[in-house]
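In the numbering used here, the protein residues as written are 1138 to 1466.
Here a beta-carbon is modelled for each residue, glycine too, at the ideal position from N, C-alpha and C.
Here's the structure we're looking at; comments come further down.
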Amino acid sequence: MALAPLAVPPANVIKSKLDLIQNRLENVVLGSQEASSLLIISLLAGGHALIQGEPGIGKTSLAKAIAHLIHGRFRRVQFTPDLLPSDILGYSVYHQASGRFEFMEGPVFTHLLLADEINRTSPRVQSALLECMNEGQVSLDGETRHLATPFMVVATQNSLYSTGTFALPEPQLDRFLISIEMHLPPPAMQSRILQQHLQGTHQVNTLEPLATVEEVRGWQQAARNIAVAETICHYIVALCEAVRHHRKLRQGVSTRGSLSLLRAAQASALLQGQPAVFPDDVKRVFIPVLAHRLALADEEQNSWSGEEPGRRRQIATSLQSILSEVPVP
């Protein structure tokens, strides 16, 4: 079915609505200012987000909240070791009376799919999401079925040292536009969270929509229309080249990674209400866009015997040093 022509509203109208959405997200999950901003950037860029952190700090609540706020179809899959690809994609059922097969859509046929604890299922199931995330379609039984627009996967992941987890394969990690780190908030914020629950004001399911999926499609087009100067493109390339040659990092950055950095910077500029991408937009998304695509160099990996969150911090530290070394246009 053909989509209706996109209506792209003025930048100030978009910014006002995005500010409301971000404020509502931060009120539902207290202490999530940075995470909320990055999740919105991923949505605007038409990408997928991986939220990482310890259990019980609001990862699932944040993903559910943004689905409610954009009034899109929402499905949640709790990833477990016994999950099958058909549990996500769907399957065909034979009706003996009619002699025909009927396709039963899986939860991937939605606007926002919450893949909860994605690293608790097998690599086979994780890989089943690849075509959906990259192509926006499902190919089964010799037929290609297109997914909704917009389509966004928000996956949550507990730290890899937790019992019963499977590391995400590198090709799938590269399909996530952005990775979001969530941490336990400071004691004062934890106290506010307890009070919020006592007052019953934390309920995600009571959120009123602030936008429609048609509006989101228009915002995504507006993000793609954000101007990018040639100097900004050179800056992005210089940063990615520095990553590729950094002695403490390996795997480098693929062309997809560079393009993801560009798209995320455009989305960041739109969120800030800017007509063009500035260096600060690139800096803002540099680590969230690239960190999950990288690994420590062999000598660094061999000397590192700590837990996964510490490894991620080492990668982020290396990326931060690159930001400070590469000249800003």
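In the DSSP secondary-structure assignment, S1223 is not bridged to any residue. Taking a cut-off of 8 Å on C-beta distances, the segment 1261-1268 touches the segment 1216-1233, as three or more cross pairs fall below it. In this structure A1360 is buried. Its beta-carbon is surrounded by 16 or more other beta-carbon atoms within 10 angstroms. Under the three-state reduction of DSSP, V1145 is assigned to coil, being neither helix nor strand. Per the Cβ contact rule, the segment 1280-1292 is not in contact with the segment 1406-1414 (fewer than 3 Cβ pairs under 8 Å). Pairing L1433 with L1399 gives a Cβ-Cβ distance that is not under 8 Å. Using a 10 angstroms sphere on the CB of Q1357, the tally of other CB atoms reaches 16 or more, which defines it as buried. Shortest Cα-Cα distance from I1373 to any of I1330, I1317, V1422 involves V1422. By the C-beta density criterion, A1252 is buried, having at least 16 other C-beta atoms within 10 angstroms.
Its chain contains V1214, T1258, S1259, V1262 as the residues whose beta carbon lies nearer than 8 Å to that of L1220, once the 5 sequence neighbours on both sides are disregarded; these appear in chain order. Under the three-state reduction of DSSP output, D1253 falls in the strand class.
For T1281, the enclosing beta strand (DSSP E) begins and ends at 1280-1283. Taking C-beta atoms under 8 Å as the contact rule, L1396 and I1459 fail to qualify, at a distance of about 18 Å. Taking the Cα positions, L1284 is about 17 Å away from T1349.
For the pair Q1159 and I1178, the CB atoms are not nearer than the 8 Å cut-off. The straight-line gap separating the alpha-carbon atoms of A1202 and G1236 is approximately 43 Å.
In the DSSP assignment, the residues bridged to R1387 are A1432. Here the alpha carbons of S1455 and G1184 stand approximately 24 Å from one another.
Taking a cut-off of 8 Å for Cβ pairs, the segment 1164-1173 and the segment 1268-1275 do not touch, as fewer than three such pairs fall below it. Annotation for M1270: the continuous alpha helix (DSSP H) segment containing it runs 1267-1272. Beyond the five residues adjoining it in sequence on each side, V1245 comes within less than 7 Å, by CB distance, of I1225, L1226, C1269, V1275, L1284 in the same chain, given in chain order. Beta bridge pairing from DSSP links L1187 with A1292, S1316. Between L1206 and L1305, the C-beta gap is not smaller than 8 Å, which leaves the two residues out of contact. Separation of the CB atoms of I1369 and V1426 is rounded to 15 Å, and the pair is thereby denied contact status at 8 Å. According to DSSP, F1240 shares a beta bridge with S1229.
Exclusion of the five residues before and after K1196 leaves I1188, G1190, T1293, M1319 as the residues of its chain whose Cβ lies within less than 7 Å of its Cβ.
Rounded to the nearest angstrom, the gap between the Cα atoms of R1354 and G1193 is 32 Å.
Here DSSP, grouped into helix, strand and coil, assigns R1212 to strand.
At the C-beta level, Q1388 and A1182 stay beyond 8 Å of one another. Beta bridge pairing from DSSP links A1364 with A1413. In the DSSP assignment, the residues bridged to L1277 are E1280. Measuring C-alpha to C-alpha distances from L1344 to each of L1199, N1256, E1378, R1384 identifies L1199 as the nearest. Taking the Cα positions, A1406 is about 56 Å away from Q1233. The alpha-carbon of H1382 is positioned some 29 Å away from that of E1171. Contact between A1401 and I1315 holds: their C-beta atoms lie close to 6 Å from each other, under 8 Å.
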